[in-house]
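All remarks here apply to the structure that follows.
Residue numbers (the working numbering): 18 to 349.
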């Protein structure tokens, strides 16, 4: 975020434009393809009032703003020892298995083949690298080759998509059964995932509460999750794969409801503690889980309007105090 808190009733874009006025800075907008229209309008409005602003947006399609310049980000070059994908593989390998040497000719050839098969897609390379804790580069090459044989329909899966799907599916297969179950259940989260939140939402059935924290660490070791300062995050591509399996398990409705009710309880706790000595802690807690709070509220509006009203009332104090009045207007 940009660190702006605005308590006025004006439009958030107007407040942001005023705050940015006179500044020369770079504003980064990520994953704009989800809301291309609103992002395009936001950029157009901001550039009209902030001449010193440069916007870098990542999206699968153009925003359509005046002056927009589209730069395609291709996969890393792959295949030879000096190529980008191979360099990334060596960098990640050093982090995953510091004592492993990949300098011998057989390993070097295997690494180049892995990167070629994965079309230089960084996420796919990183997922493959995570398996070096338990497999050699040659073994990884063989497994990728056998999996790729099952994905031959170019009309359904373009080459780049097939390479990524192959790696994600393979990573999924290499997870222990409880890790795969946790991966699927974690797909209901939208922001930072803490161990206590994961236990509250995901534990149940064969996955006992005390097994959740170790499984989170194992998923992070395999690059399914990314560690943050206070928890974990899951990339959208991996979340979508987990959500697919959650639906296959027929647990998607159950976990969405469990997630919503947990974060409704978090909102009630935050409301009770907001005016006490732990206000700063609750501020950071709610800020980190804001995306999950909104997802929970959206779910409850459809499934349990009474609980949604209680949750919105509790979250409204945070929205009012921390510059999120547009959320308050939307929900309240």
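Just so it is clear, CB atoms sit at the ideal spot from N, CA and C, and this is done for glycine as well.
According to DSSP, residues forming a beta bridge with residue i
i	result
residue 74	46
residue 81	DSSP, once it has assigned bridges, lists no residue as partnering residue 81.
residue 221	224
residue 210	249
residue 244	249
Residue i beta carbon near the ligand NAP (any heavy atom closer than 7 Å)
i	result
residue 250	Although the ligand NAP was asked about, the structure shown includes no ligands whatsoever.
Cα-Cα separation, residue i to residue j
i	j	result
residue 261	residue 199	13 Å
residue 174	residue 294	Residue confidence for residue 174 is low, a pLDDT of 44 falling below 50, so the modelled location carries little weight; the figure read from the coordinates is stated next. Looking at the two C-alpha atoms, the distance is approximately 54 Å.
residue 321	residue 328	11 Å
residue 215	residue 121	42 Å
residue 290	residue 186	43 Å
residue 85	residue 42	17 Å
residue 112	residue 68	42 Å
residue 315	residue 49	20 Å
residue 333	residue 33	21 Å
residue 267	residue 222	14 Å
residue 225	residue 40	52 Å
residue 130	residue 101	13 Å
residue 169	residue 265	For residue 169, the pLDDT reaches just 43, beneath the cut-off of 50, and the residue's location in the model is therefore unreliable, leaving the point undetermined.
residue 336	residue 190	42 Å
residue 232	residue 27	45 Å
residue 77	residue 55	15 Å
residue 197	residue 65	48 Å
residue 213	residue 248	10 Å
residue 296	residue 35	28 Å
residue 57	residue 51	12 Å
residue 119	residue 158	14 Å
residue 92	residue 252	17 Å
residue 359	residue 153	An answer regarding residue 359 cannot be provided, because it is not within the stretch 18 to 349 covered by the chain.
residue 227	residue 298	25 Å
Beta carbon of residue i nearer than 8 Å to that of residue j
i	j	result
residue 155	residue 123	yes
residue 38	residue 61	no
residue 259	residue 204	yes
residue 46	residue 74	yes
residue 127	residue 135	no
residue 292	residue 303	no
residue 276	residue 319	no
residue 243	residue 250	yes
residue 317	residue 270	no
residue 272	residue 263	yes
residue 238	residue 325	no
residue 351	residue 287	This structure does not reach residue 351, given that the chain is present from 18 up to 349, and the question cannot be answered.
residue 70	residue 80	no
residue 72	residue 44	yes
residue 207	residue 308	yes
Integer Cβ distance of residue i from residue j, believed to fall under 8 Å
i	j	result
residue 241	residue 163	Contact doesn't hold; Cβ gap of about 21 Å is too wide.
residue 217	residue 184	About 31 Å separates the two Cβ atoms, so there is no contact after all.
residue 285	residue 306	Incorrect: roughly 13 Å between the Cβ atoms, too far for contact.
residue 229	residue 220	6 Å
residue 150	residue 114	6 Å
residue 59	residue 88	Incorrect: roughly 20 Å between the Cβ atoms, too far for contact.
residue 103	residue 132	5 Å
Residue-level contact to chain C via CB, residue i, 8 Å cutoff
i	result
residue 219	In summary, chain C is missing from the structure at hand, where a single protein chain is found.
Counting only runs of 4+ residues fully inside the segment 241-323, write out the alpha helix (DSSP H) ranges in chain order. 253-265, 269-290, 296-305 and 307-320
For the segment 85-118, which segments carrying the beta strand (DSSP E) assignment without a break, of at least 3 residues, lie completely within its bounds, in sequence order? none
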